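J.: For the sequence shown, counting from 1, position 194 maps to 194 in full-length UniProt numbering; every step adds exactly one. Ideal Cβ positions, reconstructed from N, Cα and C, are used throughout, including at glycine. If you're wondering where the values come from, they're calculated on a predicted model, not measured in any experiment.
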Amino acid sequence: MMHLALISTLILGAALNVVGLKINTTRHEAPIVRGNPTDVYYEVSLLYKTSTKVRGWLIGTPSKDGVGVEIRANFWGFPDEGPYQYHIHEAPIPANGDCAAAGPHLDPYKRGETPPCDIDAPESCQVGDLSGKHGPIWIAPGEAFVVKYTDFFLSTSPANPAYFGNRSIVLHTANGTRLNCGNFREDPSNCCRGNH
């Protein structure tokens, strides 16, 4: 009888431990953003730097129904040894163009960088990890990277922790070297083109 009670206690303890692990791994999940203001348009152009030929732009507009943000991007001028990553970072780039000043990735739910983002579970990734959620930049030498997708975890509302309009984007090599960067800015003159 005592042996059965010990086994039951061990099984119950293991089950609670598994439940605890599941709770711990899901507590950092980003919620799907609904109710995004639909009258805004954010764009970023990579800086003109003599230290790199990487150039391009990224546009973020709310989806028609206000759920998530439609991303359109075009980047070119990469060295030949990809793949490359691109992320929204917490801080804007200063006037001197120092991409390192962008700080860490946008991560309002404190997920961290380990383990790596799972493309099949984008809600579990850092909000700013665009290449982790939607795929890295894979291109043939001399080709441009052009992409369009909806990211359900970004916000166009300054009141939301997943807001990106006052932040920056940084393009990285696979080892984390920052190739180029730029700041998002709101552009009312282009608001919502192609969106309504």
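Going straight from the alpha carbon of P158 to that of K133, what length do you get?
T.: Here the alpha carbon of P158 sits roughly 22 Å from the alpha carbon of K133.
J.: Cα-Cα, which of H172, K49, Y42, E70 is closest to P104?
T.: H172
J.: Using C-beta distances below 6 Å, list every residue in its chain close to L179, excluding the 5 sequence neighbours before and after it, in chain order.
T.: T52, V54, L171
J.: Is the distance from the Cβ of T150 to the Cβ of S63 below 7 Å?
T.: yes
J.: Rank G182, Y163, G128 by C-alpha distance to the C-alpha of V40 and give the top, closest one.
T.: Y163
J.: Where do the ends of the beta strand (DSSP E) carrying H134 lie?
T.: Not the beta strand (DSSP E): H134 falls in the alpha helix (DSSP H), residues 130 to 134.
J.: Quick one: using the 10 Å Cβ neighbour count with 16 as the cut-off for buried, is V69 buried or exposed?
T.: buried
J.: According to DSSP, simplified to helix, strand and coil, what is P94?
T.: DSSP places P94 in coil when its eight states are reduced to three.
J.: For P62, does the three-state DSSP call read helix, strand or coil?
T.: strand
J.: By DSSP, does S168 sit in helix, in strand, or in coil?
T.: strand
J.: In angstroms with no decimal places, state the Cα-to-Cα distance between G112 and V44.
T.: For G112 and V44, the distance between alpha carbons rounds to 25 Å.
J.: Applying the criterion that 16 or more other CB atoms from any shown protein chain within 10 Å of the CB defines a buried residue, is P122 buried or exposed?
T.: buried
J.: Which two residues bound the contiguous beta strand (DSSP E) that contains F75?
T.: 69 to 76
J.: Measuring alpha carbon to alpha carbon, tell me which of F78, D120, A73 ends up nearest F184.
T.: Taking only the C-alpha atoms, the option nearest F184 is A73.
J.: First and last residue of the beta strand (DSSP E) that includes N180?
T.: 178 to 183
J.: Measure the alpha-carbon distance for V67 versus P161 and round it to whole angstroms.
T.: 15 Å
J.: Given I32, which residues of its chain have a CB within under 8 Å of its CB, disregarding the five upstream and five downstream residues?
T.: V67, G68, E123, F152, F153
J.: For N166, which residues from the same chain have a beta carbon less than 8 Å from its beta carbon, with the 5 sequence-adjacent residues on both sides left out?
T.: Answer for N166: P92, P158, F184, listed in chain order.
J.: With DSSP as the reference, label E123 as helix, strand or coil.
T.: helix
J.: Identify the residues that DSSP records as bridge partners of P146: which are they?
T.: First, the amino acid is wrong: residue 146 is Val here, not Pro. Paired residue(s): N74.
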